[in-house]
Amino acid sequence: MSMDDDAFVLGGRSYRSRLIVGTGKYKDFAETRRAIDASGAEMVTVAVRRVNITDPGKENLLEHVPPDKFVILPNTAGCYTAAEAIRTARLAREAGIGNLVKIEVIGDERTLFPDVPATLEAAAVLVKEGFVVLPYVTDDPVACKRLEDLGCAAVMPLAAPIGSGLGIRNPYNLAIIIEQSRVPVIVDAGVGQASDAARALELGCDAVLMNTGIAGARDPIRMAHAMRLAVEAGRASFLAGRIARKLYATASSPIEGMLD
Amino acid sequence: MQNLGLGDYRSVVEVRLNGEPREVVDGATVADLLETIGIGKRRVAVELNREIVTRDAYAMTRIRGGDVIEVVQFVGGG
Numbered sequence: 000m001s002m003d004d005d006a007f008v009l010g011g012r013s014y015r016s017r018l019i020v021g022t023g024k025y026k027d028f029a030e031t032r033r034a035i036d037a038s039g040a041e042m043v044t045v046a047v048r049r050v051n052i053t054d055p056g057k058e059n060l061l062e063h064v065p066p067d068k069f070v071i072l073p074n075t076a077g078c079y080t081a082a083e084a085i086r087t088a089r090l091a092r093e094a095g096i097g098n099l100v101k102i103e104v105i106g107d108e109r110t111l112f113p114d115v116p117a118t119l120e121a122a123a124v125l126v127k128e129g130f131v132v133l134p135y136v137t138d139d140p141v142a143c144k145r146l147e148d149l150g151c152a153a154v155m156p157l158a159a160p161i162g163s164g165l166g167i168r169n170p171y172n173l174a175i176i177i178e179q180s181r182v183p184v185i186v187d188a189g190v191g192q193a194s195d196a197a198r199a200l201e202l203g204c205d206a207v208l209m210n211t212g213i214a215g216a217r218d219p220i221r222m223a224h225a226m227r228l229a230v231e232a233g234r235a236s237f238l239a240g241r242i243a244r245k246l247y248a249t250a251s252s253p254i255e256g257m258l259d
Numbered sequence: 000m001q002n003l004g005l006g007d008y009r010s011v012v013e014v015r016l017n018g019e020p021r022e023v024v025d026g027a028t029v030a031d032l033l034e035t036i037g038i039g040k041r042r043v044a045v046e047l048n049r050e051i052v053t054r055d056a057y058a059m060t061r062i063r064g065g066d067v068i069e070v071v072q073f074v075g076g077g
């Protein structure tokens, strides 16, 4: 089996990279682009916000992260109701880059956990309108199954709260979600270090999405590189088929031919 | 009211643009407004009174007093 055969298919498109990165919280656009390049990510998330009328700015994010080179995934960050998320998604699509949308409908300001009923409501509407919907959701297998049944293109359970860096807090739930899902499972939010990303892939996730884990690191470019390696290592480890866990030892060296 | 040199007489009206009050020429189009703001080639989406204005309708959609306009773009985010 060729290593190249392990492409990640999402929304009808094939990707070599299983790392999706956000574009927020960087020092400037140049650093944003360097980090994305170091990460090897082919898809990046962006937010939808008002143009600053008094100072529209000479530069624009998409000049540094052009849509002909990267797949742009608009999010509905900042939305607290299904109606706001639906409105934001429609505006994002109108900007003319594609049909993809990451829906985030937040239920609580401190944890930034999704409001699951509102997420289901937004997903139902947007799937019907032909969006390729990637929902940010809790690591709740029931919620993930509902979203899959609604026609979402993937499910994106959180590892831990956005920006918390806690890594996978509930690997058991994640394992259940992976086992039951017929759509890609993308761990989104809470990754803090490279081993968190490797762990997600090793559990069997299809991809990982992160922003703060890279942008907030002391050396974002180096961390972006680490994440790239981690995702590749985690995936290879998963595909390679790990050894069983045993209570007692099994020697690695033969008994035959030992001196006595 | 002053003649704005447009060949015909137009008044200035107040609208709300991205949450702030703004004066525009009554009957100016969305295309005119975007040019005034300096949008250029930037990818944006426009909403007029909570309804999306498609790009091919910018030149034909006129703005009136009291209108609420939102012009959004893509920015860094997670």
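Going down the list, the sequences are from chains D and F.
Heads up: the first sequence begins at 0 in numbering that gives the first Met the number 0, then just goes up one per residue.
Heads up: the second sequence begins at 0 in numbering that gives the first Met the number 0, then just goes up one per residue.
Just so it is clear, CB atoms sit at the ideal spot from N, CA and C, and this is done for glycine as well.
On a predicted model such as this, the values are computed, not experimentally measured, just so you know.
task: Check whether the Cβ of residue 62 of chain F lies closer than 8 Å to any Cβ atom in chain D.
output: Taking CB atoms only, residue 62 of chain F has no neighbour in chain D less than 8 Å away.
7 Å CB neighbourhood of residue 237 of chain D in its chain, flanking five on each side removed: Non-local C-beta neighbours of residue 237 of chain D in its own chain, meaning closer than 7 Å and more than five positions away in sequence, comprise 200, 201, 203, ordered along the chain.
- prompt: Helix, strand or coil: how does DSSP classify residue 249 of chain D here?
  reply: Residue 249 of chain D falls in the coil class under three-state DSSP.
message: If the criterion is Cβ atoms closer than 8 Å, does the pair residue 9 of chain F and residue 26 of chain F meet it?
response: The Cβ atoms of residue 9 of chain F and residue 26 of chain F sit closer than 8 Å to each other.
8 Å contact criterion, which residue 105 of chain D and residue 78 of chain D should meet: CB distance rounded: Cβ-Cβ separation between residue 105 of chain D and residue 78 of chain D: approximately 7 Å, consistent with a contact (criterion under 8 Å).
task: Report, in whole angstroms, the separation of the C-beta atoms of residue 146 of chain D and residue 134 of chain D, which I expect to be a contact under 8 Å.
output: Rounded, the Cβ-Cβ distance is 5 Å, consistent with contact.
query: Candidates D:157, D:85, D:195: which alpha carbon is nearest residue 126 of chain D's?
result: It is D:85 whose Cα lies nearest to the Cα of residue 126 of chain D.
task: Could you tell me the distance, in whole angstroms, from the CA atom of residue 142 of chain D to the CA atom of residue 115 of chain D?
output: Looking at the two C-alpha atoms, the distance is approximately 7 Å.
message: Does residue 112 of chain D come out as helix, strand or coil in the three-state DSSP assignment?
response: Residue 112 of chain D falls in the coil class under three-state DSSP.
query: Hey, is residue 78 of chain F's beta-carbon within less than 8 Å of any beta-carbon in chain D?
result: Not covered by the structure: residue 78 of chain F. The range shown for chain F is 0 to 77.
task: Starting from the Cα of residue 55 of chain F, find the closest Cα among D:74, D:94, D:221 and give me that residue.
output: Looking at the Cα atoms, D:94 is the closest of the given residues.
query: Is DSSP giving residue 279 of chain D helix, strand or coil here?
result: Only positions 0 to 259 of chain D appear in the structure, and residue 279 of chain D is not among them; the question remains open.
task: Give the secondary structure of residue 165 of chain D by DSSP, where H, G and I count as helix, E and B as strand, and everything else as coil.
output: Coil.
message: So within the segment 202 to 239 of chain D, which uninterrupted beta strand (DSSP E) runs reach at least 3 residues, ignoring any that extend past its ends?
response: Here the runs fully enclosed are 206 to 209.
message: Rounded to whole angstroms, what is the Cα-Cα separation between residue 259 of chain D and residue 246 of chain D?
response: Using only the alpha carbons, I get a separation of about 28 Å.
query: Hey, out of D:137, D:92, D:195, D:121, whose CA is closest to residue 72 of chain D's CA?
result: The candidate whose alpha carbon is nearest that of residue 72 of chain D is D:92.
- request: Write down every uninterrupted run of the beta strand (DSSP E) in the segment 125 to 154 of chain D whose length is 3 residues or greater and which is fully enclosed by it, in chain order.
  value: Counting whole runs of 3 or more residues, the segment 125 to 154 of chain D contains the beta strand (DSSP E) stretches 131 to 136.
field: Distance between residue 33 of chain D and residue 151 of chain D (C-alpha atoms, nearest Å)
entry: One C-alpha to the other measures close to 31 Å.
query: Could you give the uninterrupted runs of the beta strand (DSSP E) lying entirely in the segment 26 to 100 of chain D, keeping only those of 3 residues or more?
result: Complete beta strand (DSSP E) runs here, min 3: 42 to 49, 70 to 73.
Whole-angstrom distance between residue 130 of chain D and residue 154 of chain D, CA atom to CA atom: Their Cα atoms are separated by approximately 14 Å.
query: How about residue 46 of chain F and residue 90 of chain D: do their beta carbons lie closer than 8 Å?
result: Their beta carbons are under 8 Å apart, which means residue 46 of chain F touches residue 90 of chain D by this criterion.
message: Would you say residue 12 of chain F lies against chain D (beta-carbon separation less than 8 Å)?
response: Chain D, which has no Cβ nearer than 8 Å to the Cβ of residue 12 of chain F, makes this no.
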